[in-house]
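Take a look at the structure set out below.
Residue numbers (this note's numbering): 1443 to 1541.
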């Protein structure tokens, strides 16, 4: 039971750290030295794009890990991975469908 909780926490921490990593990467692409820089929409679009990209890579890694766990007969951890993926996918869908 304790190893399952650690499994969940580690996966969620990795996802949050990847989101945090997306912010400095997005800010590094911005050109603050340009005198006529007024593109706030492009700035937020880049941040959203990088967070989405890192989330997609995390989803793929979780699916690959679920396949590996299935082959190792660790069914509980595989199910935990699939539940986390499903919950996050539903959360993303809800957030994108809200006005």
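Don't be surprised by glycine CBs; every beta carbon is placed ideally from N, CA and C.
Endpoints, alpha helix (DSSP H) assigned at residue i
i: residue 1463; result: 1444–1471
i: residue 1535; result: 1517–1539
Residue i and residue j closer than 8 Å at C-beta
i: residue 1457; j: residue 1500; result: yes
i: residue 1493; j: residue 1464; result: yes
Residue i versus residue j - alpha carbon distance
i: residue 1449; j: residue 1496; result: 19 Å
i: residue 1507; j: residue 1538; result: 27 Å
i: residue 1519; j: residue 1498; result: 20 Å
i: residue 1527; j: residue 1505; result: 8 Å
i: residue 1455; j: residue 1485; result: 25 Å
i: residue 1491; j: residue 1512; result: 31 Å
i: residue 1524; j: residue 1516; result: 13 Å
i: residue 1467; j: residue 1444; result: 35 Å
i: residue 1540; j: residue 1502; result: 25 Å
i: residue 1533; j: residue 1452; result: 19 Å
i: residue 1469; j: residue 1461; result: 13 Å
i: residue 1514; j: residue 1529; result: 24 Å
Any non-hydrogen atom of the ligand NAP within 7 Å of residue i CB
i: residue 1500; result: The ligand NAP is not part of the structure shown, which contains no ligands of any sort.
Whole-angstrom C-beta distance between residue j and residue i, which should lie under 8 Å
i: residue 1459; j: residue 1471; result: Between residue 1471 and residue 1459 the Cβ distance is about 20 Å, and since that is not below 8 Å, they are no contact.
i: residue 1522; j: residue 1446; result: 6 Å
Residue i in three-state terms, based on DSSP
i: residue 1514; result: coil
Closer than 8 Å to chain C by CB, residue i
i: residue 1499; result: In the displayed structure, chain C is absent; only one protein chain is listed.
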